[in-house]
Every structure is written in structure tokens, then in C-alpha cells.
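Counting with the working numbering, you get residues -9 to 44 for the letters of the sequence shown.
Cβ coordinates follow ideal geometry from the N, Cα and C atoms, glycine included.
Everything below concerns the one structure shown next.
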Amino acid sequence: MDTASCSVCGTTVEGDPPLTWSASTGPRGRTLVCDRCTRDNVRSIEAKLDEEWW
Ligand SMILES: [Zn+2]
């Protein structure tokens, strides 16, 4: 079973990351950010989504 870990705070969950987590794909592979860190960083993440997410 895979383990998903937040790239910001290091929180880990077993299995697939919750839907509330954010995922983005960068040069080093998939990056996951948990719901708490997503809320903390929502502005910077949204700015990135415009460029990378779609
Ligand atoms: Zn986190």
C-alpha cells in the first residue's frame, strides 16, 4: 500500500491522499499538500495552478 505524505508539513496517510489534499506535478514528480497546508498556502497554490495544473 502506498503512503501519501504532505510535502509541506510531512503528515502521512496510508493509501491514496484524501480529496481535500492538493496535488501538483513538477520536475521531481508528484507533490502532495495536505488540506491544512493547502489552506495556509492557498494563494500561492492558486497562483501556481494557473500555470501548472491545467
Ligand atoms: Zn501539510
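Rounded to whole angstroms, the gap between the alpha carbons of tryptophan 11 and glycine 0 is 13 Å. The beta carbon of aspartate 30 lies closer than 6 Å to none in the same chain, with the five residues before and after it left out.
Threonine 15 has its Cβ no nearer than 7 Å to any heavy atom of ligand 1. Counting along the chain, the unbroken alpha helix (DSSP H) around arginine 29 starts and ends at 25 to 30. Taking arginine 20 as the centre and dropping the five residues before and after it, the same chain places the C-beta of Ala13 and Ser14 closer than 8 Å to its C-beta, in chain order.
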